[in-house]
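These notes concern the structure reproduced below.
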Amino acid sequence: MRKVMLVVVAVLAAGSAQAAEQGQYGAALRLIVTQAAEGRCPAEVMAEPLLSACRDQMPAMKPALAAQGTVERVSFVRAEQEGDARVETYAVNYAGGRAMIWSIGNRKDGKFTTAYTLGD
155 MRKVMLVVVA
165 VLAAGSAQAA
175 EQGQYGAALR
185 LIVTQAAEGR
195 CPAEVMAEPL
205 LSACRDQMPA
215 MKPALAAQGT
225 VERVSFVRAE
235 QEGDARVETY
245 AVNYAGGRAM
255 IWSIGNRKDG
265 KFTTAYTLGD
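Sequential numbering from 155 applies to the sequence shown in this note's numbering.
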């Protein structure tokens, strides 16, 4: 009986720690998404090759993001980490009613090499 109780306590403690985790990259993601909707790629948070990819995709990305309306909320969903590589996933809610899932990560020297959405 005692062993079972210890396992349950350990599982509950691990679940609480995971639920309490907060993202670190939400402000940078909000900046990227907001500026992309305005036709800009924020070089202050984007490393190469992400910055070049942003510029290349801007003709299609700007109107698609602008059509969603302003960003109302950026909510942390989860983080995945392997060694030094960390990618965080967020739900981004727009004024137009749509929510999109975005991921951002692989920060080096304060700039990100990864930011993308798979859509809804």
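Where a beta carbon is used, it is the ideal one built from N, C-alpha and C, also for glycine. Keep in mind that this is a model prediction, so the values were computed, not measured.
Legend entry - Assigned secondary structure, T224 (DSSP; H/G/I helix, E/B strand, else coil): By one-based count along the sequence shown, residue 224 stands at place 70. Three-state DSSP puts T224 in coil, outside helix and strand.
Inset, instruction - With a 10 Å radius around its C-beta and 16 neighbouring C-beta atoms as the bar for buried, classify V231 as buried or exposed. - result: By one-based count along the sequence shown, residue 231 stands at place 77. Looking at its Cβ environment, which holds fewer than 16 other Cβ atoms inside 10 Å, V231 is exposed.
Legend entry - Start-to-end residues for the alpha helix (DSSP H) that takes in G180: Here the question's residue 180 lines up with position 26 in the sequence shown. Start and end: G180 to A191.
Inset, instruction - Consult DSSP for A218 and reduce its assignment to one of helix, strand or coil. - result: As a working note, residue 218 is residue 64 in the sequence shown. If DSSP states are grouped into helix, strand and coil, A218 belongs with the helices.
Legend entry - Burial state of R261 (16 or more Cβ within 10 Å): Sequence index remark: in the sequence shown, residue 261 carries index 107 (1-based). With 16 or more other Cβ atoms within 10 Å, it is buried.
Legend entry - Whole-angstrom distance between A191 and V228, CA atom to CA atom: Here residue 228 refers to the residue found at position 74 of the sequence shown. Here residue 191 refers to the residue found at position 37 of the sequence shown. Going by the C-alpha atoms only, they are around 15 Å apart.
Legend entry - Classification of T243 by the beta-carbon crowding that lies within 10 angstroms, buried from 16 upward: Numbered from its first residue, the sequence shown carries residue 243 at position 89. Burial call: buried.
Inset, instruction - Indicate whether the contact test is met: 3 or more Cβ pairs, each with one atom in the stretch 250–257 and one in the stretch 195–207, closer than 8 Å. - result: no
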